[in-house]
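Report on the following structure.
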Amino acid sequence: MDRKEKIGVLCGGLSAERDVSLRSGKAVYNALKERGYNVVLIDAGHDLCEALRKEAVQRVFIALHGGAGENGSVQGMLEVMGIPYTGSGVLASAAAMDKDMSKKIFMHHNISVPPFAVVSRSDHASVKDMVSGFSSIAPFGLPCVVKPAEEGSSIGVSIVKNVSELQGALEEGFRHGSTLIIEKYIKGKEIQIGISAGKALGGVEVRPSAEFYSYEAKYTAGATQYILPPEVDEESYSRLRAAALAAHNALGCKGATRVDLMLDEDGREYVLEVNTIPGMTETSLLPKIAALSGMNFGDLVEEIISLA
Ligand SMILES: Nc1ncnc2c1ncn2[C@@H]1O[C@H](COP(=O)(O)OP(=O)(O)O)[C@@H](O)[C@H]1O
Ligand SMILES: [Mg+2]
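Numbering-wise (the working numbering), the sequence shown opens with residue 4 and increments by one.
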């Protein structure tokens with residue numbers, strides 16, 4: 004691509020993940036600047052459209068996490084404005100953000116997902132009714148994971164081992180959305196696979212010291228051990244990579260994504276979700292995974308922008 008083309012790096016925004024996004028944006032901006040691109044950093048508020056026009060932006064690197072920047076809304080606005088942007092389009096972004104929708108698409112493509120149920124606040128008179136009807140709602144039983152269908156960063160996610168914890172977990176989930184996913188708890192390893200330009204680059208094994216990869220485990224330094232490449236046998240590793248790539252393709256994702264998976268104790272893999280705008284600080288997981296395949300941070304950023 005032409006280095007004179009004006010690139011706008013979108014970061015910040017209005018979601019709960021604003022702070023991480025500011026760091027991703029700054030890192031991407033620096034990498035592009037260093038490689039001689041004509042680049043401007045833009046905090047994506049309600050005036051995003053005006054800011055893009057004012058800066059005469061010709062191509063966009065989206066470094067927004069969560070909310071409008073990841074769910075297809077910003078992507079739709081850029082389509083209307085006729086500005087090419089990095090990563091997945093409107094439909095893939097929206098489908099990936101919605102765990103109920105994405106699971107249906109995965110199942111259609113024979114990609115294995117943990118057994119799950121979907122509950123909406125409006126389907127039941129009360130949370131107490133959901134608890135009393137739990138065995139018919141979620142026949143796979145306990146332990147299970149309760150999570151909002153449209154959140155990220157483990158916000159509102161609980162592991163339920165005991166029936167007495169169920170009501171609290173459902174109430175916590177509903178504080179973050181009106182639809183929840185109840186999923187069978189998969190005991191085993193948690194693996195994330197990085198994808199860019201249609202290839203699985205490799206993966207990382209995530210070992211939180213907490214019970215699961217919670218918000219604190221994600222954003223507190225030292226709270227989680229990251230093992231690159233994951234400590235799994237070759238065959239499992241190649242199955243995990245294939246499942247991640249299949250999930251990325253099933254949703255119609257483009258550019259770079261990071262896919263969350265579980266590998267159970269019998270060596271079966273399950274896709275949890277596809278993250279369409281993975282963290283892009285120099286110490287984020289996707290850049291670390293890319294490094295395994297010999298790509299440094301600048302190479303990855305350049306690959307992503309070139310695919311916009
Ligand atoms: N079915 C499951 N079995 C075991 N752990 C799970 C399961 N689902 C989620 N988790 C744990 O919860 C975390 C967050 O779940 P995830 O589906 O990735 O949602 P988010 O969008 O919040 O990252 C995962 O990283 C994992 O640690
Ligand atoms: Mg996740």
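We put the CB at the ideal spot given by N, CA and C, even for glycine.
Pick from the options that is closest to residue i, judged by C-alpha positions
i, options, result
"residue 49", "64, 82, 15, 35", "15"
"residue 85", "60, 267, 277, 98", "60"
"residue 233", "219, 263, 259", "263"
"residue 261", "276, 10, 44, 271", "276"
"residue 116", "105, 122, 125, 124", "105"
"residue 186", "301, 145, 132, 269", "145"
"residue 96", "69, 83, 120", "69"
Residues that residue i bridges to, as DSSP identifies them
i, result
"residue 286", "For residue 286, which the question treats as bridged, DSSP gives no partner whatsoever."
"residue 147", "163, 187"
"residue 181", "Note: residue 181 sits in no beta bridge, so no partner."
"residue 227", "211"
"residue 279", "Answer is none; residue 279 lacks a bridge partner."
Residue i burial status per 10 Å Cβ neighbour count (16 or more: buried)
i, result
"residue 26", "buried"
"residue 228", "exposed"
"residue 309", "exposed"
"residue 129", "exposed"
"residue 212", "exposed"
"residue 247", "buried"
"residue 89", "buried"
"residue 91", "buried"
"residue 253", "buried"
"residue 107", "exposed"
"residue 52", "exposed"
"residue 101", "buried"
"residue 110", "exposed"
Within-8 Å CB hit, residue i to chain E
i, result
"residue 189", "Here there is only one protein chain, and chain E is not present."
Helix, strand or coil at residue i [DSSP, three-state]
i, result
"residue 266", "strand"
"residue 40", "coil"
"residue 204", "strand"
"residue 313", "The structure shown has nothing for residue 313, since the chain only spans 4 to 311."
Short Cβ contact (8 Å threshold) for residue i with residue j
i, j, result
"residue 33", "residue 6", "no"
"residue 293", "residue 204", "yes"
"residue 62", "residue 311", "yes"
"residue 184", "residue 103", "yes"
"residue 152", "residue 199", "no"
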